[in-house]
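Using the numbering used here, read the sequence shown as starting at 9 and increasing by one per residue.
Built from N, CA and C at the ideal position, the CB exists for glycine as well.
Nothing here was measured: the structure is a model prediction, and the numbers come from that model.
Beneath this line is the structure, given in structure tokens, with notes to follow.
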Amino acid sequence: DVGCFGNKIIETPNIDQLASDGVKFTQFYAGHPTCSPSRAGMMAGRTPFRNGVYTYIPGNSCVHLRDEQVTLAEICKKQGYDTGFFGKWGLIGDMEDKSQPSPNDQGFDYWLATHNNAKPSHKNPTNFYRNGKAEGEIKGYSSQIVVDNAMEWLNSRKDKSKPFLLVLWFHEPHRTLAQPESFTKKYEKYGEDAGEYYANINHMDFQIGRMMNYLNDNKLTDKSWITFTSDNGPKDLAGRSTNGLRGRKGSLYEGGYKVPTAMYWKGKLEGGKTINEPLVFFDFVPTFYDLFGMEPMSQDQLDGVSMLPVIEGEKLNREDPPVWMAVKHMAIRNGDWKVYAYFEDYTPGTSFQSYLKTRKIEKYELYNLIDDPNETKDLVDKNKETFEMMKQLVNKRKVDVQNDIIPWKGKAVLPYEVATWFNKNIPPAKIFKKLSAEEQDLMKSKQ
9 DVGCFGNKII ETPNIDQLAS DGVKFTQFYA GHPTCSPSRA GMMAGRTPFR NGVYTYIPGN
69 SCVHLRDEQV TLAEICKKQG YDTGFFGKWG LIGDMEDKSQ PSPNDQGFDY WLATHNNAKP
129 SHKNPTNFYR NGKAEGEIKG YSSQIVVDNA MEWLNSRKDK SKPFLLVLWF HEPHRTLAQP
189 ESFTKKYEKY GEDAGEYYAN INHMDFQIGR MMNYLNDNKL TDKSWITFTS DNGPKDLAGR
249 STNGLRGRKG SLYEGGYKVP TAMYWKGKLE GGKTINEPLV FFDFVPTFYD LFGMEPMSQD
309 QLDGVSMLPV IEGEKLNRED PPVWMAVKHM AIRNGDWKVY AYFEDYTPGT SFQSYLKTRK
369 IEKYELYNLI DDPNETKDLV DKNKETFEMM KQLVNKRKVD VQNDIIPWKG KAVLPYEVAT
429 WFNKNIPPAK IFKKLSAEEQ DLMKSKQ
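Listed below in structure tokens is the structure:
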């Protein structure tokens with residue numbers, strides 16, 4: 009839903025300029041088709057099931073990105089970088105729970121973040137925390153607040169000659185939406201839902217422009233590697249487009265996790281080029297290790313490879329295909345080919361986390377993504393040799409990831425609505441919301 013990737017309605021001049029000055033990636037994949045695990049995949053360089061982040065992390069959950077996990081920020085900090093985070097963190101279940109690692113524990117010197125989306129909406133949010141302390145209401149709009157504070161942090165650094173890692177994870181366009189009226193009015197003719205969505209992205213792009221202007225004014229642009237991307241595909245709501253790709257947020261069809269990505273890096277990623285090499289969020293951590301000439305800071309298996317060969321115009325060296333695992337399905341991509349696999353049904357009465365470690369695949373689909381990018385032709389029966397090779401790969405990667413899964417001991421491992429997919433002893437979310445607090449606690453205990 010940005011202009012440089014084909015959207016004809018939403019105005020995104022600043023993202024488009026980044027792609028025009030830099031490079032556009034047409035085959036870039038998020039770490040998962042939902043927010044929290046996707047972000048965990050970027051921060052840690054591993055498919056998020058290895059870290060126990062199975063889907064988005066609900067409020068008051070025990071789930072979090074584990075403290076022992078080495079992150080991008082910790083790698084940069086080891087190299088003497090200042091590190092700042094601003095926006096939607098999404099990698100913790102409870103900002104008040106001191107036993108769960110905060111962005112500071114994950115390598116960020118300074119941070120202003122929310123657990124999930126800005127509440128009650130993007131306007132005058134009340135749920136930001138600054139370096140561990142609740143901020144209360146902050147006047148303004150979420151993306152504006154994020155950019156304002158990012159610029160203030162850059163201005164406040166004691167030694168401005170030091171390199172820095174600045175991470176901005178905007179809340180937009182996650183509902184509940186809000187943006188200045190001037191943006192809303194531009195899209196009124198498209199209806200309330202679609203129009204507000206378009207306006208919200210337009211306003212986010214405006215704030216990205218403010219950030220880019222700051223970098224330009226301070227002569228930082230040509231010293232920086234700048235990346236714009238998204239954590240997953242759009243929901244199935246008015247105005248949200250996958251540009252023809254099958255699937256939506258939550259799905260491992262391409263529309264669920266192939267994301268618009270543009271980068272600028274003077275002398276490396278510039279000139280308005282297009283790169284079609286398949287890349288994934290898991291590749292950021294190995295790229296930073298490669299960039300710094302570092303050995304990995306832990307023995308944890310990484311699921312990505314360095315992007316530097318592609319950035320420098322050479323061939324990517326990926327021995328194992330990237331693997332994406334979700335609650336009901338998984339996928340791998342190997343060259344032009346992709347397998348989409350469905351897991352067997354959960355058996356009520358068994359531990360959900362035991363199920364995750366032992367479940368088998370019951371159905372496969374095979375697609376050639378060059379000939380059929382929208383995944384309309386399942387080739388399992390027509391390309392037997394390729395299918396058998398891909399089937400072996402997907403099962404090898406499945407077992408590899410399952411062996412790493414570490415169970416949680418605590419509450420709300422899954423969002424309630426996801427738990428209802430598996431456990432028929434608890435009522436659907438619509439009924440759950442009508443129960444008393446005591447009844448809700450009882451239902452949660454049955455997850």
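Boundaries (first-last residue) of the beta strand (DSSP E) holding residue i
i    : result
H337 : H337 to N342
V71  : Note, V71: premise wrong, no beta strand (DSSP E); not H, not E.
V175 : F172 to W177
V331 : V331 to M333
Minimum C-alpha distance to residue i - residue among the options
i    : options                   : result
L260 : K170, G39, E425 and T366  : G39
D244 : R74, V267, A202 and D386  : A202
N403 : D24, R341 and I319        : R341
L324 : L310, F360 and L287       : L287
D117 : N284, N135, A158 and E104 : A158
S107 : K131, Y89, E76 and E82    : E76
W119 : T134, P133 and A81        : A81
H211 : P21, K127, D29 and P415   : P21
G30  : T282, D213 and Y137       : T282
F289 : F296, G53 and P41         : G53
D379 : T134, W345, K406 and S110 : W345
T192 : T184, H182 and N208       : N208
C43  : A334, A420 and V388       : A334
F214 : E262, I18, W416 and A420  : I18
L364 : G263, Y350 and T229       : Y350
K417 : G343, M220 and S69        : S69
Q114 : P330, L374 and V175       : V175
K231 : G241, G217, S249 and S169 : S169
Helix, strand or coil at residue i [DSSP, three-state]
i    : result
A207 : helix
N376 : strand
G217 : helix
D90  : strand
T134 : coil
W161 : helix
V293 : helix
D9   : coil
Y231 : Residue identity differs from the one stated: residue 231 is Lys in this sequence, not Tyr. It is helical.
V154 : helix
V267 : coil
L277 : strand
T63  : coil
E303 : coil
K85  : helix
L319 : Going by the sequence as given, residue 319 is Ile instead of Leu. Residue state, collapsed to three classes: helix.
E457 : Nothing can be reported for residue 457, as the shown portion of the chain is limited to 9 through 455.
E370 : strand
V388 : coil
T428 : helix
Buried or exposed (CB count within 10 angstroms, at least 16 for buried), residue i
i    : result
E383 : buried
M302 : exposed
V318 : buried
I23  : buried
S306 : exposed
Q400 : exposed
A142 : exposed
N224 : exposed
E180 : buried
G252 : exposed
G406 : It is Lys, not Gly, that sits at residue 406 in the sequence shown. Buried, because 16 or more other Cβ atoms sit within 10 Å of the Cβ of K406.
E262 : buried
A246 : exposed
Q483 : One cannot answer for residue 483 here, as it falls past the ends of the chain, which runs 9 to 455.
E204 : buried
N163 : exposed
G92  : buried
F300 : exposed
N125 : buried
Range covered by the alpha helix (DSSP H) that runs through residue i
i    : result
Y195 : No alpha helix (DSSP H) holds Y195; DSSP gives it neither H nor E.
T394 : K392 to Q410
T366 : F360 to T366
V78  : V78 -> no alpha helix (DSSP H), and no H or E assigned at all.
Y118 : Premise fails: Y118 lies in the beta strand (DSSP E), Y118 to T122, not in any alpha helix (DSSP H).
Y350 : First-last for Y350: W345 to F351, but that is the beta strand (DSSP E), not the alpha helix (DSSP H).
V313 : Premise fails: V313 is in no alpha helix (DSSP H) and is neither H nor E.
L26  : P21 to D29
M50  : C43 to A52
Bridge-paired residues (DSSP) for residue i
i    : result
A142 : Y137
F57  : DSSP lists no partner for F57.
G252 : Partner(s): none; G252 has no beta bridge.
M212 : Answer by DSSP bridge pairing: none, since M212 is not bridged.
Residue i CB to nearest heavy atom of the ligand COA below 7 angstroms
i    : result
N210 : For the structure depicted, the ligand COA is absent and the ligand set is empty, with no information on it obtainable.
Any chain D beta carbon closer than 8 angstroms to residue i
i    : result
V335 : Judged by its chain identifiers, the structure shown contains no chain D, having just a single protein chain.
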